[in-house]
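Shown next, in structure tokens, is the structure this report addresses.
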């Protein structure tokens, strides 16, 4: 007599075991695919943010580094000139933003690795460490330069510092634009740190 036709307890147990074994993998596989897809989307957004930050930091460095204005009323022995390298703060600003843009270019291959392998921890952790460093660097450069730009626009009567932007208007426009671009780069670095932290936390 065929035990499978009679529905014996042994056959029913084997059938339930096979059904249970076949039912488990699909939800687990779907969860893994969903999690990997979410992290891949974050990695793509990370790559785009790095392109944005690269443009902002490079624009800040080049704009500040090419800032120079000489007033038209001058003689051969006496002239009024303003240049970024007259102030150590602006020199630090150029170096910091140039370094940030160089780092961002070098970080793009690691960001691509995170897109190809969303579950990889090493590249993401490395990016998190260096992104945090450049958050501090770009924020310090932008903040210190912003203080000088504020004095250039408004002066300080107590310290007898004159507002030079009424004369060096082109110079002030350029340095103000460079500071804004640097703050954009710093803010983008903050978003990059947040994205890396979320990915590592949910790994």
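Residue numbers (UniProt numbering): 1 to 203.
Ideal placement from N, C-alpha and C gives every residue a C-beta, glycine not left out.
Predicted model only: the values in this text are computed from it and were never measured.
**Residue range of the unbroken alpha helix (DSSP H) whose run includes residue 173** = 169-201
**Selection from 54, 164, 163 that minimises the alpha carbon distance to residue 108** = 54
**Request:** Please classify residue 156: does DSSP put it in a helix, a strand, or coil?
**Result:** strand
**Request:** Can you tell me the Cβ-Cβ gap for residue 89 and residue 148, rounded? I've got them flagged as a contact below 8 angstroms.
**Result:** 5 angstroms
**Prompt:** Given residue 200, which residues of its chain have a CB within under 8 angstroms of its CB, disregarding the five upstream and five downstream residues?
**Reply:** 121, 124, 125, 128
**Request:** Identify every residue that forms a DSSP beta bridge with residue 143.
**Result:** DSSP output for residue 143 lists no bridge partner at all.
**Test item: CB-CB of residue 181 and residue 63 under 8 angstroms** = yes
**Prompt:** By Cβ distance, which residues of its chain are closer than 6 angstroms to residue 58, with the 5 residues on each side in sequence left out?
**Reply:** 101
**Request:** In angstroms with no decimal places, state the Cα-to-Cα distance between residue 164 and residue 197.
**Result:** 44 angstroms
**Asked** Which full runs of the beta strand (DSSP E) of 3+ residues lie inside the stretch 50-136, going along the chain?
**Response** 68-70, 81-83
**Prompt:** Of the residues 48, 40, 115, which one's Cα is nearest the Cα of residue 191?
**Reply:** 48
**Item:** Own chain residues within Cβ distance below 7 angstroms of residue 188, not counting five before or after
**Value:** 49, 52, 53, 56
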